[in-house]
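Here the sequence shown stands for residues 29 to 264, where the numbers follow this note's numbering. The C-beta atom is built at its ideal place from N, Cα and C for all residues, glycine as well. As the structure is a computational prediction, the values presented were derived from the model and not from experiment.
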Amino acid sequence: MDLIAISDIYGDTRITKEFLLKLDNSKKNDRIIIVAGDIDIKMLSDDYYQNVNKILRLLSENCRLLIYLPGDSDAEDLNIHQENTINIDKNHLVIEKDDMKIGFFGLGGAPAHSVREKRFSAYLWDENIPTVRESLMTNLKINLEKLMISQPDYIILITHAPPYGTADYSTPITIKEEALLGEILEELGKGIEKIGRKRLSRNPRHLGSRVIKEFVKYYKPDIHIFAHIHKQGGKI
């Protein structure tokens, strides 16, 4: 079984198609693709749902099962009705393959402290508010407990946000900075890449979720797939 995880596509169908060209078509029926959020930018896209549908359809046509969840730039209520496609946000799923059971469960969105311009993020939660923190933790626990009923051989947690302190050391990048840096590099070439990174890497801090950290530390899923931090490569 092939298990491939991607994230932070930001509505780029060209990159999605280039990615799919690199896959071995002979393994299509044994492949699971996981999209860990930020499929497009809801607050900046007039055709957000159409774009997301197109990207997820491209991916779902090249795998046995497509598992996705919304990131901070996505709509929280992102439910795409396509064949062999499931939203794992605050949800769970058990699949069987060759006498092996794999359990998946997930949590979308991101902590509010991890983004600079909240107006561009449609799905944020403030884990410093006790009721919000408790709700997030309770949801993760409930879905894990439901998975355990099926006694899976492996348990995979999928979140958009990283756990606090793990590959989350970065500066909060804005959507504008992301677009501007991409345009600069395209115009002037990769020679400016080093300068651009240096300019944007001031005052880094941990951007991960303390709730997710606490959960992972205590319950220890076999695999934890996360995304969100890519500005400086998710340094620890």
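Among the options, which residue has its Cα nearest to the Cα of residue i?
| i | options | result |
| --- | --- | --- |
| residue 160 | 252, 45, 240, 85 | 240 |
| residue 164 | 36, 34, 137 | 137 |
| residue 67 | 55, 151, 29, 185 | 151 |
| residue 143 | 127, 101, 71 | 101 |
| residue 232 | 249, 105, 197 | 197 |
| residue 234 | 62, 254, 199, 99 | 199 |
| residue 71 | 177, 29, 104 | 104 |
| residue 188 | 153, 47, 170 | 153 |
| residue 53 | 90, 69, 61 | 90 |
| residue 22 | 99, 59, 237, 113 | The shown model of the chain, from 29 to 264, leaves out residue 22, and the question about it has no answer. |
| residue 99 | 195, 135, 121 | 135 |
| residue 29 | 147, 127, 121, 246 | 127 |
| residue 176 | 113, 247, 145, 147 | 247 |
| residue 171 | 148, 145, 121 | 121 |
Answer with buried or exposed for residue i, where buried requires no fewer than 16 other C-beta atoms within 10 angstroms of its C-beta.
| i | result |
| --- | --- |
| residue 124 | exposed |
| residue 76 | buried |
| residue 157 | exposed |
| residue 191 | buried |
| residue 37 | buried |
| residue 57 | exposed |
| residue 111 | exposed |
| residue 50 | exposed |
| residue 193 | exposed |
| residue 173 | exposed |
| residue 257 | buried |
| residue 166 | exposed |
| residue 162 | exposed |
| residue 155 | buried |
Start and end of the beta strand (DSSP E) containing residue i?
| i | result |
| --- | --- |
| residue 148 | Unbroken run through residue 148: none, as it is neither H nor E. |
| residue 122 | 120-125 |
| residue 182 | 182-187 |
| residue 63 | 59-63 |
| residue 192 | Per DSSP, residue 192 belongs to no beta strand (DSSP E) and is neither H nor E. |
| residue 16 | Since the displayed the chain opens at 29 and closes at 264, residue 16 lies outside it and no answer follows. |
| residue 129 | 128-135 |
| residue 113 | 113-115 |
| residue 33 | 30-34 |
| residue 235 | Neither: residue 235 is in no beta strand (DSSP E) and is coded neither H nor E. |
Between which two residues does the alpha helix (DSSP H) carrying residue i extend?
| i | result |
| --- | --- |
| residue 173 | 158-177 |
| residue 44 | 41-49 |
| residue 72 | That residue, residue 72, is in no alpha helix (DSSP H); it is neither H nor E in DSSP. |
Would residue i pass as a contact of residue j if the rule is Cβ separation under 8 Å?
| i | j | result |
| --- | --- | --- |
| residue 185 | residue 133 | yes |
| residue 94 | residue 84 | yes |
| residue 130 | residue 180 | yes |
| residue 254 | residue 168 | no |
| residue 65 | residue 88 | no |
| residue 182 | residue 74 | no |
| residue 61 | residue 32 | yes |
| residue 80 | residue 106 | yes |
| residue 86 | residue 55 | no |
Inset, instruction - Count the C-beta pairs between the segment 38-46 and the segment 111-125 that are closer than 8 Å, then say yes if the count reaches three, no if not. - result: The segment 38-46, when compared against the segment 111-125, does not touch it at the 8 Å Cβ threshold.
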